[in-house]
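Residues in the sequence shown are numbered from 1230 upward in steps of one, following our numbering. One structure below.
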Amino acid sequence: MARVIALMVGVMAPAVVEAQGPMRLDGGGALEVGGEAERYLRALELAGRAPLQGWTLRPQQPPNGRAFPSDSAHPWQARWGVADTGFFSLRLVRPGAKVTWNSSYPSGDGRGPAWTGRGGTAELRGGVVARLWRVRMQLAPVAFVAQNSGFALVSGTRTGVAQYRDPRFPGNIDLPQRFGDGAYTRVDPGNSTLALELLGGEVGVSSAAQVWGPGREYPLVLSGNAGGFPHVFAGTRRPWPVGIGTIQGRIIAGRPSQSAWSPMAGDPRTRYSMAAMGSFTPRGVPGLEIGGTRFIHGLYRDGFSVRELRRLVSGGTYTGSGFQNLSSENQMASLFARWAFPRAGLEVYGEYFRDDYSLDGRRAVQYVDDLRTYMLGAQRVLASSPTRLRVLRVELVNGELPMSNRGERGGNFVGAGSPLPPYPHSGVNQGHTHAGQLLGAPEAYGGAAWRTGVDQFSPAGRVSFTLERALRLDWLPGVTLARNAVPRDVVYGAGAEVVRFVGGMEVGGAVTAMMELNRNLERGNDAPNLRLAAWFRGF
C-alpha cells in the first residue's frame, strides 16, 4: 500500500506544478458533486450572499453559467475563480489524491466511485478540460486501489463467489459485502463529459456523478455514492423562465455496469437505464423548488428504442397490456420539495420515494405508502460575516417496511415484519446499482439513519463535526423473526474534518470513530472501526 501511495504522489507532483495559477475552488464548468465548491456555495446562498439557483439538479453550473459570486465579501472570496470564457480554452482539471484507511470493516464517505474496504484505499484524480465555442469537453478519470483486507462476512451457507454477495438478497441486487479476497483495483471514467451548450440547455454524453433531489446526505434516486455511469443526456443548464415561474430538468439514457460478483450471469451490459427529473419554482415564491423523478432499469432484448423512452411518461400501474415487459423492469419514482429562506438563513426539504409500481389505480390510492422511503432535512446558518460562515445541518432517512406492507406479500418476505427495501429487484437482478455500489443512499437500503453536523468556513478553509446513527441490518434469511429474537445491527459514528488552503492547494484530513452494535446480527458482537482519510487537490 505504501508503494501505491508513493507512486500516486510522484505522478501527481508534476501535474500540480503545471496547474498552478489563479487560486480557484472549482475546475471551471459544472461544480463537482460533493466537492468543496458545491458545499460552500449552497451555504453561501442560504446566507443571502449569492443568488438562489436551486439545488435539486446537480452537478450545478456556476451562477448564470459564467462565474462564482464575487460582489460581496465572504470567507472564501479569494478562492473563487472565473469560469472559462471566450471562444477557446484548454487547461488541466485540478488534480488530486486521497488515501482512506479503515481499521475493522468497509466504510466510506459516500463519494464514489472508489470503494473503501478494510485497510487502505488510494485514489488518484486528474485530467483536462477544453472549450471550443459552445462545445465543452472534460476528461477526468478516477483510478483507485483498495487493499481490501479480510473481515468477518455476514454468516451464510454460500461458498465461492456467492459468499461475497449481499446477505439478504444475494440473487436480487449486485451489492457485494466484499469485492473478492484480494486487492480491488478499478479505473473509472469519472467526471468526464462532452456537451453542446445552446439556448440555456445542453446535450451530450457523460459519466459524471449526479445527485437528483434536495438531499445533501441521503439522496434517494441518484447520489454520488457509486460515482456516475455512462449515459447520454439532455437538459437545462440553468433555470428556464416560463411565465409562471422557472423550471429545470434533465433526461438521461445509459448503461450502468455490474461487478464481477453480480448475480446476473452473461453479458455485463444486459441492462439499460433511463430517467428523468424536473423541478419548478413558482413566480413570486423565491427559494421554493418542487419536482419529481422517475428512474427505470430494463433488460436488453432487441436493443434500445424510442419505445423504452416512452416508458418515462407512461402510467405507474400494471394493467397487463400495452407494455408487456413491465414486470421485468425495475421502476422507481419520487416527489420532492425544498424551500430556502435566505433572510432567515434557513432551508427545509424532503423527498418521498416509491419503488416498483402499483397493481392498479385503486391499490395506489389504498396503499399510498406501499414500498415507500422518505427523507427529511434542514440547514440553518448560525453565523455569517466576511470572515466566518457557520451552518448547522440535520437530515434523516427511513427505508424500513411501512405499515401497509406488513403481513403481506409472503413470497417476498421471510416472515411478517421483514422489510422489502428499495433498490433490489427480481427481474433486473443487479438492482439499482452501478459497478457493485448503490446509486441511491446506502442508508436507505432497508434501514434508517440520521446525520447532523456543523460546518464552519473561514479564509483558512473549513472545519466540520458530524454525529450519525444508522440501522444497518435487522433481519437475515432463515433467522427467526419473533419479537426481540434478532438484535438490530446499528452503527453510531462521530467525526471531524479539516480542510486547509496551503498555497495553491486544498489539503484535508478526516477522522471518524464508529461503534457497530450486534454486527452481522450477532448479539454482543460490538465492533469498533476507525476511518482515517487524507487528501489534497491542486490548482
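Yeah, the Cβ is synthetic: ideal placement off N, Cα and C, and Gly gets one too. Please read all numbers here as calculations on a predicted model, not as lab measurements.
Residue 1723 versus residue 1523 - alpha carbon distance: 34 Å
Figure out for me which residue from 1598, 1572, 1577, 1336 has the closest Cα to the Cα of residue 1562.
1598
Check: Do you know offhand how far residue 1352's Cα is from residue 1601's?
Finding: 35 Å
- Message: Could you pull the DSSP bridge partners for residue 1611 from this structure?
- Response: Paired residues: none, contrary to the question.
**Asked** To which residues of the same chain is residue 1419 closer than 6 Å at the C-beta, ignoring the five residues directly before and after it?
**Response** 1369, 1370, 1371
Item to complete: Could you tell me which uninterrupted beta strand (DSSP E) segments, each at least 3 residues in length, are contained entirely in the segment 1331–1379, listed from first to last along the chain?
Response: 1348–1354, 1357–1361, 1364–1368, 1371–1375
Please work out which residues of its chain come closer than 6 Å, Cβ to Cβ, to residue 1407, disregarding the five sequence neighbours upstream and downstream, and give them in chain order. 1393
Hey, would you say residue 1390 sits closer than 9 Å to residue 1489, going by beta carbons? yes
_Per-residue DSSP class, three states only, for residue 1562_ = strand
Supposed close pair residue 1618, residue 1303 - CB separation, criterion 8 Å = 7 Å
**Study point:** For residue 1749, three-class secondary structure by DSSP
**Key:** helix
Bridge partner(s) assigned by DSSP for residue 1490: BP columns for residue 1490 are empty, so no partner.
Worksheet item: Alpha carbon to alpha carbon, what distance is there between residue 1354 and residue 1761?
Response: 19 Å
**Prompt:** Taking the alpha helix (DSSP H) that residue 1272 falls in, what are its first and last residues?
**Reply:** 1265–1275
Q. Taking the alpha-carbon positions, what's the residue 1342 to residue 1569 distance?
A. 30 Å
If you run the structure through DSSP and keep just helix, strand and coil, what is residue 1477?
strand
Quiz prompt | Alpha carbon of residue 1263 to alpha carbon of residue 1346, nearest angstrom | solution = 20 Å
*asked:* Going by C-alpha to C-alpha distance, which of 1493, 1427, 1428, 1513 sits closest to residue 1529?
replied: 1493
Check: residue 1730 C-beta below 8 Å from any heavy atom of the ligand NAD: The ligand content of the structure shown is nil, which means the ligand NAD is not present either.
How close, in whole Å, do the beta carbons of residue 1663 and residue 1669 come, if the pair is a contact with beta carbons under 8 Å?
Their Cβ separation, rounded to whole angstroms, is 11 Å, which puts residue 1663 and residue 1669 out of contact at 8 Å.
Which first and last residues belong to the beta strand (DSSP E) in which residue 1627 is found?
-> 1617–1627
Q | Sub-9 Å separation of residue 1486 and residue 1283 beta-carbons | A | no
Is the beta carbon of residue 1518 less than 9 Å from the beta carbon of residue 1565? yes
Less than 6 Å between C-beta atoms, sequence neighbours within five positions excluded: which residues of the same chain meet that for residue 1413?
1375, 1377
Inset, instruction - Could you tell me whether the segment 1468–1483 touches the segment 1680–1691, where touching means 3 or more Cβ pairs closer than 8 Å? - result: no
> Of all the options 1756, 1767, 1728, which has the alpha carbon lying nearest to the alpha carbon of residue 1335?
Replying inline: 1756
Are the CB atoms of residue 1363 and residue 1423 within a distance shorter than 9 Å?
no
For this session: For residue 1402, count neighbouring C-beta atoms within 10 Å of its own C-beta (all shown protein chains included) and say buried if the count is 16 or more, exposed if not.
Result: buried
**Asked** Hey, residue 1330 and residue 1373: beta-carbon distance below 9 Å or not?
**Response** no
Count the other C-beta atoms from every protein chain shown that fall within 10 angstroms of the C-beta of residue 1706, then say buried if there are 16 or more, exposed otherwise.
exposed
Inset, instruction - Measure the beta-carbon distance from residue 1476 to residue 1512 and round it to whole angstroms, keeping in mind my assumption that it falls under 8 Å. - result: 11 Å between Cβ atoms; not a contact.
- Query: From residue 1730 to residue 1654, what distance separates their C-alpha atoms?
  - Reply: 45 Å
DSSP bridge partner residues for residue 1666 (one or two, in chain order): 1663
**Q.** Same chain, Cβ closer than 6 Å to residue 1697, neighbours up to 5 away in sequence not counted
**A.** 1680, 1722
In angstroms, rounded to a whole number, what distance separates the CA positions of residue 1267 and residue 1591?
43 Å
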